[in-house]
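In this note's numbering, the protein residues as written are 7 to 182.
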Amino acid sequence: MDTSTTAGSAAARPDRTVLDVWCELQCPDCHRAQDDLRALRERYGDALEIRLRHFPLERHKHAYAAAQAYEEAYAQGRGQAYEEAVLARTGELGERGEQVLVEVAAELGLDAGEFESALIDGRHLLAVDADQAEGQAIGVTGTPTYVIDGERLDGGKSQEGLRERIEEIADRLLGR
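Encoded structure:
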């Protein structure tokens, strides 16, 4: 099972430091943030749990469906791969919509039929809605937004300095 990025509805493991990343899969800024997240995974491995939290923005027509599709990919054990693949195609998602979500699933060897069903039956709506409500409650207004040790770091167009700040906090929490 995919353990490096955990669904927003999953509980954090008590033996790891947690970085919550409020993200939406049609967001170009979230796509640009992927390099920082890869670097954090590389540096900390299992010591830092990076959790994707859903925050679909109204201006992105297919973001809500993409969040539900991510949850299906996570359920099928490929959340992080799906996240990265969809973020690499944000423009195409904006143009072609939900068909891109199903195509990415098939390309990753996931059950595309289950993706289609999940988007129709809404089985992952509660997970997406819960993340969005929690994000709103803590002041998230855009994506990506990071929360580590109770500190909210707003990304957006400028990621400059954010990875370094996350590393400072993670190093302190992990005793490095």
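Yeah, the Cβ is synthetic: ideal placement off N, Cα and C, and Gly gets one too. Note that the structure is a prediction, hence the values are computed from the model and not measured.
- Taking DSSP as the reference, what is the three-state secondary structure of Asp155? coil
- Message: Once the 5 residues before and after Glu90 are set aside, which same chain residues still bring their CB inside 7 Å of it?
- Response: Gln40
- List the endpoints of the continuous beta strand (DSSP E) containing Val24. 23-29
- Item | Range of the contiguous alpha helix (DSSP H) that encloses Glu78 | 69-81
- Message: Using the three-state DSSP reduction, which class does His6 fall into: helix, strand or coil?
- Response: Beyond the ends of the chain as shown, which are 7 and 182, falls residue 6; an answer cannot be given.
- Item | Helix, strand or coil at Leu54 according to DSSP, with G and I counted as helix | strand
- Item | Rounded distance between the beta-carbons of Ala87 and Leu114, thought under 8 Å | Right, the Cβ-Cβ distance comes to about 6 Å (below 8 Å), so this counts as a contact.
- Item | alpha helix (DSSP H) runs wholly inside the region 106-154, at least 4 long, in chain order | 118-127, 131-143
- Item | Sequence-distant residues of its chain with Cβ nearer than 6 Å to Cys29 (five each side left out) | In its chain, beyond the 5 residues on either side, Cys36, Leu58, Thr149, Pro150 have a beta carbon closer than 6 Å to the beta carbon of Cys29.
- Task: Answer yes or no: do Phe121 and Ala79 have a C-beta to C-beta separation smaller than 9 Å?
- Result: yes
- Message: For the alpha helix (DSSP H) containing Ala176, name the first residue and the last one.
- Response: 168-180
- Message: One question on the structure: do Gly119 and Lys67 come within less than 9 Å of each other, judged by their Cβ atoms?
- Response: no
- Task: Return the residue from the list Glu101, Pro34, Arg84, Ala143 that minimises the CA-CA distance to Ala112.
- Result: Arg84
- C-alpha gap between Ala71 and Glu173, whole angstroms: 32 Å
- Would you report the Cα separation of Val110 and Glu98, rounded to the nearest angstrom? 11 Å
- Alpha carbon of Gly145 to alpha carbon of Asp155, nearest angstrom: 15 Å
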